Amino acid sequence: MPDVKLEIQMLHDRVMVRISPEDGERRSSGGIVIPATAQMAKRLAWGDVHGIGTNVRHVKVGDRVLFNPDDQFEVEVQGQTYLIMRERDVHATATERTDHGTGLYL
Amino acid sequence: MPDVKLEIQMLHDRVMVRISPEDGERRSSGGIVIPATAQMAKRLAWGDVHGIGTNVRHVKVGDRVLFNPDDQFEVEVQGQTYLIMRERDVHATATERTDHGTGLYL
Amino acid sequence: MPDVKLEIQMLHDRVMVRISPEDGERRSSGGIVIPATAQMAKRLAWGDVHGIGTNVRHVKVGDRVLFNPDDQFEVEVQGQTYLIMRERDVHATATERTDHGTGLYL
Amino acid sequence: MPDVKLEIQMLHDRVMVRISPEDGERRSSGGIVIPATAQMAKRLAWGDVHGIGTNVRHVKVGDRVLFNPDDQFEVEVQGQTYLIMRERDVHATATERTDHGTGLYL
Amino acid sequence: MPDVKLEIQMLHDRVMVRISPEDGERRSSGGIVIPATAQMAKRLAWGDVHGIGTNVRHVKVGDRVLFNPDDQFEVEVQGQTYLIMRERDVHATATERTDHGTGLYL
Amino acid sequence: MPDVKLEIQMLHDRVMVRISPEDGERRSSGGIVIPATAQMAKRLAWGDVHGIGTNVRHVKVGDRVLFNPDDQFEVEVQGQTYLIMRERDVHATATERTDHGTGLYL
Amino acid sequence: MPDVKLEIQMLHDRVMVRISPEDGERRSSGGIVIPATAQMAKRLAWGDVHGIGTNVRHVKVGDRVLFNPDDQFEVEVQGQTYLIMRERDVHATATERTDHGTGLYL
């Protein structure tokens, strides 16, 4: 029987994000997250959306989004790490067309 | 009296999952879970659904699902370990047919 | 005056369960519960329902049910220990007739 | 002016319970409760209802009730100690007439 | 300009209570409350109501009420200490006329 | 361009209070609040309302109000310190005209 | 392909604020926030709004707002640090035109 190809699909309000390379480095490699004793200001990171659940309203695949990279769920797919978060934990988007943009650009 | 056969059935929103072999190993054998002092990034795992409660809407028996393997309830049935979780704690599925897939495949 | 016989009856959503002998042993005798420092995987246990409150919908007296044996309320009646829990904390049943069974049997 | 007699009356969902003598002993005298370091299984106790608030629905004065004797509010009236709890914290009753009894008797 | 007299009035669900002398002593003088390390049973106290907010339904000025004297807000008015609590934290009243009294008297 | 004058206005349910001088002293100067190890009874303080948000119903500018001075937000305006709290955290008022006053006066 | 310009836009109830220079200094540079052991009074800070999400009602771009500078999310855009908070965490505004102003000016 040919190996069945299973496509990944997000559920509920989940958003699948690939963190941008420059922000990615801040997250220590090998999955060990720096213990939060030295309480760093909570620095947000940017990443690209690769999947959304059916309840997601304000974010679409391809958007660049702003989120807290710490303490997020991770999954590895074909050697690439993706973060899985809830839409409510996404703070902002950065897109070509906006309707209430900040006038600030990435 | 012949030994009565009792079939297991999930209640409410519960999902019964058998963790995939490769992810299973990460969970230490003998039920002792690595204490979360060395705070590993929260690595998700894949597994197959073997049972769902009547309130489960978005996941069906046979689906491969993505979940957090740590701190889950366990039950052993005929020598095999199954995890019992709530539907809301399942992040994604991986199935042959999707309607809003990520284009990423297991 | 003859000693009045008082029959025990559960209230609200409570379920009265007698833990099955094999799972019972895991709960140390004399009521001392193993401190949760060595964080055992949360191993569920089976038991039989002996009483249900008026708000219980999905479980009936005589059902075998799956629950977390740790940190439950206990009461002793005529030398036998029963656990008292809420219906929402029961994960699954094992019964002769099911309508969405897992195909797995005790 | 003759000393006015003030009758005690429960408010809201409160239930006033006098713990049964045998269970009462387990609660150390002098009000010092055994610190919960040696985590005893949460052993429930029986007691008799002496007062109920206007929002109490399923318990009446004179019922014997099953409750957790630890960490409850106490009041002393004419040398006798009573526990004050909420109806939702009462697990079961033991009465002469029941409509969904367990067939188990005190 | 003559000194304007400002009358104190409770807001919302607040109840202003003057603790009864005998229960008052148990609360150490000078406002230092005994640290709750020696976990005393939670002994309730009686006091008289001197003020109620507009949302208070079941308690009136002049009632004697039963409450937990620990960890309450305090205010001093003309040398007298009053406790300020919420109606929901009052367990019982003791009054001359009751409609579902306990038959127990202060 | 002349320096634009920006008037401060409270939002939502916020109340801006200037603590009364005598209660103010209890709050240590320089903003260091006495650590709550020596668990002082929670002594309330009086202050005057200088601003209210649009959702504030029961308190108006000029009222004297009773509140917990500990652990409140602070802002300094023209050398004067004001506390910012929510209406629900104000326990009582002291005003010339009341409709359900306590008969107690400041 | 010319480098696509992505404009930043806030989501949900988020407000993007640039802290005012004088308040900014209090937040230690390099993102290390002073651990809250020496429990400073919770001193609020002023800043200017640069972006708002679609659910924001009472604050607009250009407003000066009052907020708690501690424990806020941060993002750096073109070398400038912005704080991202929820509208409900903004206590007050300071604007030229007000309808229920405090008569206090920045």
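Chains as they are written, first to last, in my numbering: chain A, 768 to 873; chain B, 768 to 873; chain C, 768 to 873; chain D, 768 to 873; chain E, 768 to 873; chain F, 768 to 873; chain G, 768 to 873.
Beta carbons: idealized from backbone N, C-alpha and C, even for Gly.
Everything numeric in this text was worked out from a predicted model, so none of it was measured.
- Judged by their CB atoms, Q845(G) and H867(A) are not nearer to each other than the 8 Å cut-off.
- About 25 Å separates the Cβ atoms of L811(B) and L778(B), ruling out a contact at the 8 Å cut-off.
- Proximity to D838(C) across R831(C), D856(C), V826(C) and R824(C) peaks at D856(C), based on C-alpha coordinates.
- Distance from the Cα of G829(D) is smallest, within the candidate group T860(D), L850(D) and D790(D), for T860(D).
- As DSSP reads the structure, T860(C) sits in a beta bridge with Q776(B) and V832(C).
- Between T865(A) and E843(G), the C-beta spacing is not below 8 Å.
- If you check the CB distance, E854(C) and V823(C) come in under 8 Å.
- Listed in chain order, the non-local C-beta contacts of G818(F) below 6 Å within the same chain comprise M777 and M783, local neighbours out to five positions each way being set aside.
- Counting only Cβ-Cβ distances below 8 Å, R855(E) has contacts in chain D at H779, in chain order.
- When secondary structure is reduced to three states using DSSP, D815(A) falls in the strand class.
- Contact between R831(E) and L871(E) is absent: CB atoms are separated by about 13 Å, not below the 8 Å threshold.
- Ranked by how close their Cα comes to the Cα of Y849(A), the residues V771(A), K772(A), H825(A) and P788(A) have P788(A) in first place.
- Taking C-alpha positions only, H825(C) is separated from I786(B) by approximately 27 Å.
- The three-state secondary structure of R824(E), taken from DSSP, is coil.
- Within the same chain, M777, L778, H779, D780 and R781 come within 7 Å of G820(B) by CB-CB distance, once the 5 residues on both sides are set aside.
- Under the DSSP assignment, V842(D) falls in the beta strand (DSSP E) whose first and last residues are F840 to V844.
- When CB distances to chain G are screened at a threshold of 9 Å, the residues of the stretch 845-872 of chain A falling below it are E854, R855, V857, H858, A859, T860, A861, T862, E863, R864, T865, D866, H867, G868, T869, G870, L871 and Y872, in chain order.
- Close partners of V842(C) in chain D (Cβ separation under 9 Å): R810, L811, A812, W813, L833, H858 and A859.
- The C-beta distance from D790(E) to P836(E) rounds to 6 Å, short enough to fall under 8 Å.
- Per DSSP, the beta bridge partners of R781(C) are R853(C).
- The beta carbon of H817(C) does not come within 8 Å of any beta carbon belonging to chain B, so the residue lies off that interface.
- Using beta-carbon distances, E789(F) does not count as an interface residue toward chain G, since no partner is under 8 Å.
- Residue-level contact by beta carbon holds for K772(G) and chain A, with a gap shorter than 8 Å.
- Listed as beta-bridge partners of T848(F) by DSSP are E843(F).
- The beta carbon of F840(E) sits closer than 6 Å to the beta carbons of I851 from its chain, once the five residues preceding and following it are set aside; these are given in chain order.
- Using beta-carbon distances, I786(C) does not count as an interface residue toward chain D, since no partner is under 8 Å.
- Exclusion of the five residues before and after K827(B) leaves V816 and I819 as the residues of its chain whose Cβ lies within less than 8 Å of its Cβ.
- In this structure, the straight-line span from the alpha carbon of W813(F) to that of E792(F) is close to 12 Å.
- When rounded, the separation of the alpha-carbon atoms in Q847(G) and K772(E) is 54 Å.
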